[in-house]
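Asks: As they're listed, the protein sequences go chains D and G. The first sequence runs contiguously to residue 1867 in this note's numbering. The second sequence runs contiguously to residue 1587 in this note's numbering.
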Amino acid sequence: MERPFAITLDVGSSRANHTGSWRVERPVYVDRLPPCNDACPAGENIQRWLYHAESGDYENAWHTLVEENPLPAIMGRVCFHPCETACNRAQVDEAVGINAVERFLGDTALAHGWSLPAPGPATGRKVLVVGAGPAGLSAAYHLRRRGHAVRLVDSAPRLGGMLRYGIPAYRLPRDVLDAEIARIVNMGVEVGLNETVTDIAAAREAAGADAVFLAVGAQLGKRVSIPAGDSAKVIDAVSFLHQVADDDPPLLGRRVVVYGGGDTALDAARTAKRLGATDAVIVYRRNREKMPAHAEEVEQALGEGVTVRWLSTIERFEGERLVIEKMALNAEGFPEATGEFEELDADALVLALGQDTDLSLLAGSEVAVADGVVQVVDSMMTDVPGIFAGGDAAPSNRTATVAVGHGKRAARGIDAYLAGRVDERPARHALAEAGRLNTWYYADAPRTERPELERIRRQTNFEEVIGGLTEDNALFEARRCLSCGNCFECDNCFGVCPDNAVMKLGPGERYAFNYDFCKGCGICVAECPCGAIEMVPERI
Amino acid sequence: MTEPTATRVHFYQVGSFAVGNRLLSADDRTVQSNPARTNSIDSGHRACQGCGEALGARYALDAAMRATNDRLVAVNATGCLEVFSTPYPETSWRIPWLHSLFGNAPAVATGVAAAMRVKGRDDVRVVGQAGDGGTVDIGFGTLSGMFERNDDVLFICYDNEGYMNTGVQRSAATPPAARTATTDVVGPEPGNVFGQGKDLPRIAMAHDIPYVATATVADLHDLERKVERAMEVRGARYLHVLVPCPLGWGSASSDTVRLARLATESGLFPVFEAEDGVVTGARRIRRRVGVEEYLRPQRRFAHLFNGAGRPDVVARLQAMADANIERYGLAPDEEE
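1) At a CB distance below 7 Å, what residues from the region 1341-1366 of chain G approach chain D? Give them in sequence order.
2) In whole angstroms, what is the alpha-carbon distance linking histidine 1475 of chain D and glutamate 1624 of chain D?
3) If you drop the 5 nearest sequence neighbours on each side, which residues of the same chain put their C-beta closer than 6 Å to that of glycine 1295 of chain D?
4) Applying a beta-carbon distance threshold of less than 8 Å, which residues of chain D neighbour cysteine 1496 of chain G?
5) Determine which residues of the region 1340-1352 of chain D have a Cβ less than 9 Å from any Cβ of chain G, and write them out in chain order.
6) How many angstroms separate the CA atom of glutamate 1394 of chain D from the CA atom of alanine 1369 of chain D?
7) Does the contact criterion of 3 or more C-beta pairs under 8 Å hold for the region 1450-1463 of chain G versus the region 1387-1404 of chain G?
8) In or out: glutamate 1254 of chain G buried (at least 16 other Cβ within 10 Å) or exposed?
9) With a 10 Å radius around its C-beta and 16 neighbouring C-beta atoms as the bar for buried, classify valine 1508 of chain G as buried or exposed.
10) Could you tell me whether the Cβ of alanine 1311 of chain G comes closer than 7 Å to any Cβ of chain D?
11) Do glycine 1307 of chain G and proline 1497 of chain G come within 7 Å of each other at the CB atom, strictly closer than that value?
12) With C-beta atoms as the reference, is glycine 1295 of chain G less than 7 Å away from asparagine 1344 of chain D?
13) Report the three-state DSSP secondary structure of histidine 1261 of chain G (helix, strand or coil).
14) Identify, in the order they occur along the chain, each residue of the same chain with its Cβ nearer than 6 Å to the Cβ of glycine 1354 of chain G, setting aside the five sequence neighbours on each side.
15) Helix or strand or just coil, what does DSSP make of tryptophan 1500 of chain G?
16) Note down, in chain order, all residues in the region 1851-1863 of chain D with a beta-carbon under 7 Å from any beta-carbon belonging to chain G.
17) Establish whether the CB of arginine 1273 of chain G and some CB of chain D are separated by less than 7 Å.
18) Report the rounded CA-to-CA distance for glycine 1347 of chain D versus asparagine 1290 of chain G, giving the unit in angstroms.
19) How would you call aspartate 1506 of chain G, buried or exposed, if buried means at least 16 neighbouring beta carbons within 10 angstroms?
20) When the distance is taken between beta carbons, is glutamate 1475 of chain G closer than 7 Å to threonine 1337 of chain G?
21) Less than 7 Å between CB atoms is the rule here; does threonine 1393 of chain G satisfy it with respect to chain D?
22) Suppose you measure from the CA of aspartate 1843 of chain D to the CA of aspartate 1742 of chain D; what does that come to, to the nearest Å?
23) Quick check for students: name the residue ranges of the alpha helix (DSSP H) that lie wholly in the region 1688-1712 of chain D, counting only runs of 4 or more.
24) What three-state label does DSSP hand arginine 1404 of chain D in the structure shown?
25) If you drop the 5 nearest sequence neighbours on each side, which residues of the same chain put their C-beta closer than 7 Å to that of serine 1566 of chain D?
26) Pull up the CB-CB distance for alanine 1366 of chain D and tryptophan 1376 of chain D, whole angstroms please, since I reckon it's below 8 Å.
27) My understanding is that valine 1456 of chain D touches phenylalanine 1540 of chain D, with C-beta atoms under 8 Å, so please give their C-beta distance in whole angstroms.
28) Give the secondary structure of histidine 1589 of chain G by DSSP, where H, G and I count as helix, E and B as strand, and everything else as coil.
29) Report yes or no: is there a C-beta of chain D within less than 7 Å of the C-beta of phenylalanine 1335 of chain G?
30) Can you name the start and end residues of the beta strand (DSSP E) that asparagine 1396 of chain D belongs to?
31) Going by DSSP in three states, glutamate 1652 of chain D sits in which element: helix, strand or coil?
32) Distance, Cα to Cα, glutamate 1652 of chain D vs glutamate 1659 of chain D?
33) List the whole-angstrom C-beta distance separating valine 1378 of chain G from alanine 1314 of chain G, where the pair is believed to meet the contact cut-off of C-beta under 8 Å.
34) Take the Cβ of serine 1343 of chain G as the centre, count every other Cβ of all protein chains shown within 10 Å, and call the residue buried at 16 or more, exposed below.
35) Give the interface partners of phenylalanine 1844 of chain D over in chain G, defined as CB-CB distance under 7 Å, in chain order.
36) Are the beta-carbon atoms of isoleucine 1793 of chain D and arginine 1777 of chain D separated by less than 7 Å?
What follows is the structure, given as structure tokens:
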């Protein structure tokens, strides 16, 4: 080839120079477990369904959601959202309103009539599910998806368990409850109502079931002995709420006292208020900080005019007069009696002091019981092969979401048991900690709060208190997700590499490093907003 | 009072700050987010790990290529950018590119622009580029002439605050108190002296040229918008880009973008633009930091923090930052 004067070499590209050989560390893409997913008792892939919701693809978002939890419209109302407590965004401004978006997706699905995935091909195996609360419904759904026949029985005349008989309608409207339950039943679940199982082995035999899932809940209100006169009206909160749910509310009078400090106590007091009580007073032996009820419920109850006697215990109930004793917290934070007494006018006393589970159906079986609940291993199986247990009847912190998670785990355990496999849970990724985020890149965007029903309207009816988000709000809220620990294709690594050593693979395909040219500077790691790249030493 | 540079907030997680986002429309994405970008400077160049200049040059030239429909000639002064990109017989340049001398890049760029005019090729645009040495010191005479004649050239200075490839000597863009090979840490006022050096963006403005702007490698959207704006204008234009240098600054190679960000968020490097000699916009600080946060990760300022440190010197640097914030109206919204 002819070259110009004094030129002896052709022009070459610097691509001949593989600068990757300079590197002592290499960047690698990683996926980490987002704190919301980590905290979700139902094991939802929250970040993933938010990802779809961010682009307005609500149907895909909902389908991703119901892979794990078939009750999003219910959970979007009653879940106490540990995901939001764990959310890393709380350290930037405020946690993402995950629960509100979940409800929006659930309601949108009901409005559009989106269907749950079809049942799996029939396996010829049958499972008896005892108890149609959140744990039983969730198990039935996941078992049907695996192709097992399901017989779901409950002693109540309607499905839902504590979702129906424990949670008041102002928190969970019945049309929503009915619609989400119907969707599961329509997957081909055989339902038996008003069926009380009294002997687990006999019921298993009678149903011809290969396995049993025991999800009977905790339906017995705990009783304490409070000296009470003959005329005194005392009822436990579980029965009270159950009767209200049956449209047969007991007459409690105008001054109702509720004893206890959990969510059930608040539900009872708020329900009494709606039934016409002028005074709904909660008596609780410790202070507000120590109260086990969830803070937002306390806030709402106080807003509705429920009052609380903190640091008080009930001594005796003499007809229309309740004698309460003042307590004081000792150095360890435990309440101690002070010997000071006060009187309170009361027409009725509702006891909300916790619930026990009725396990009489286990009499004569080998199923181990300790601390009033059925003992289970990781797959939710009891000591008896083929008998599984979950929800409030198993060790748990007794929320509906935990029950949904139990149902799913039990379904997986039962599936493995029926196939003769050992149930192994997949390894979890390392947690995506807030410290790995580069929060500079996230736009400042405060949280959208759901509207609350005006207080005056809450005094007298069971209309839903918390409203839903509009589509605009839900979209905005979903887009507040930081995508902790998992690439969401922001192009930062692709842009900030001084050596053009990041290849963009197209929508949904993320990126790859060109290690021929990557010098290992680490800018991509430092500038990745969500901490999805890390440096690892080169092997020499 | 100056108007803040428009920052559109989309709430697409990171749409307004990151390089790209799947939810943004194509128009709202950066040139750099496009897999079909020019990559004006190719892989295999011999810049150090984490080089801010290699990054800044690609950002600016890829944006200029898009703005000119790929009709662009770049004229390069001597310096890191020239040395690491063209060791004979290799080149990293994927655009028409010329190198002549250290001091004459603005004059050569003027010549290229004149040649294009003679040939009637008004579609071909010219960029001159140099490091801070080639711009504020060695090429300053020819640059000032280019400005004064209002030649149709965009001149870009990649400012890494010193002569880095020759062994980190001081330039007239080296900040006070910084240690270089020629401003050692000795005597009562260690490092580079206060009160010297040139503020070239303001000198450029004093020539009343149509467009002057500053930018950094930490705000890509802002940098690309300014290149685009510059290419809409005919005549002499000047863009001054801060490009951190891990070698000369003694910083971690992974900190290049972060340091550029801290330089602007502390107020030490004001990001603004000016037309016809008048400041028309400034990029407001978003999360204000003290200068110490910017200075500490850099070994060239280590003597300010070793032992008892030199809080008095840090305070003087802070005063400079505060003066910039005052002069250009950089204070964050909530401090107004």
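Heads up, the beta-carbon is just placed ideally off N, CA and C, and yes, glycines get one too.
Replies: In this structure, then:
1) Cβ contacts with chain D: Glu1341, Thr1342 and Ser1343.
2) If I take the Cα positions, the gap works out to 39 Å.
3) Chain D is shown from 1328 up to 1867; residue 1295 of chain D falls before or after that span and cannot be answered.
4) For cysteine 1496 of chain G, no chain D residue has a C-beta closer than 8 Å to its own C-beta; the minimum C-beta separation is roughly 12 Å.
5) Those residues of the region 1340-1352 of chain D that come within reach of chain G (Cβ to Cβ, closer than 9 Å) are Ser1340, Ser1341, Arg1342, Ala1343, Asn1344, His1345, Thr1346, Trp1349 and Arg1350.
6) Going by C-alpha positions, glutamate 1394 of chain D is about 11 Å away from alanine 1369 of chain D.
7) Put simply, the region 1450-1463 of chain G touches the region 1387-1404 of chain G. At least three CB pairs are less than 8 Å apart.
8) Since pLDDT at glutamate 1254 of chain G reaches only 40, below the 50 mark, its modelled position is unreliable, and the value read off the structure follows with that caveat. Glutamate 1254 of chain G should be labelled exposed.
9) Buried: at least 16 other Cβ atoms inside 10 Å.
10) Cβ-Cβ to chain D under 7 Å: no for alanine 1311 of chain G.
11) Not in contact: proline 1497 of chain G and glycine 1307 of chain G (Cβ atoms no closer than 7 Å).
12) It is a contact, given that the beta carbons lie within the stated cut-off.
13) Only weak support exists for where histidine 1261 of chain G lies, its pLDDT of 47 falling under 50; the value from the coordinates is given anyway. In the three-state reduction of the DSSP assignment, histidine 1261 of chain G falls in the coil class.
14) The beta carbon of glycine 1354 of chain G sits closer than 6 Å to those of Ile1389 and Gly1390, all from its chain and outside the five residues before and after it, given in chain order.
15) In this structure, tryptophan 1500 of chain G counts as helix in the three-state DSSP scheme.
16) So the close ones are Val1852, Ala1853, Glu1854 and Pro1856.
17) For arginine 1273 of chain G, the nearest CB of chain D lies under 7 Å from its own CB, placing it at the interface with that chain.
18) Going from the Cα of glycine 1347 of chain D to the Cα of asparagine 1290 of chain G covers about 18 Å.
19) Under this definition aspartate 1506 of chain G is a buried residue.
20) Contact flag unset, no.
21) Threonine 1393 of chain G has a beta carbon lying at 7 Å or more from every beta carbon in chain D.
22) Rounded to whole angstroms, the gap between the alpha carbons of aspartate 1843 of chain D and aspartate 1742 of chain D is 47 Å.
23) The qualifying runs do not exist here; there are none.
24) Arginine 1404 of chain D falls in the helix class under three-state DSSP.
25) So the list reads Gly1548, once near-sequence residues are dropped.
26) Contact flag wrong, Cβ pair sits at about 15 Å.
27) Right, the Cβ-Cβ distance comes to about 5 Å (below 8 Å), so this counts as a contact.
28) Residue 1589 of chain G lies beyond the range of chain G shown here (1252 to 1587); nothing can be said about it.
29) Phenylalanine 1335 of chain G is outside the set of residues whose beta carbon lies under 7 Å from a beta carbon in chain D.
30) Careful: asparagine 1396 of chain D lies outside any beta strand (DSSP E) and carries neither H nor E.
31) Here glutamate 1652 of chain D sits in strand by DSSP.
32) Distance from the CA atom of glutamate 1652 of chain D to the CA atom of glutamate 1659 of chain D, rounded to whole angstroms, is 20 Å.
33) Valine 1378 of chain G to alanine 1314 of chain G, Cβ: 11 Å. No contact.
34) Per the 10 Å Cβ criterion, buried.
35) Listed along chain G, the residues sitting closer than 7 Å to phenylalanine 1844 of chain D by beta-carbon distance are Ser1294 and Gly1295.
36) Contact: yes.
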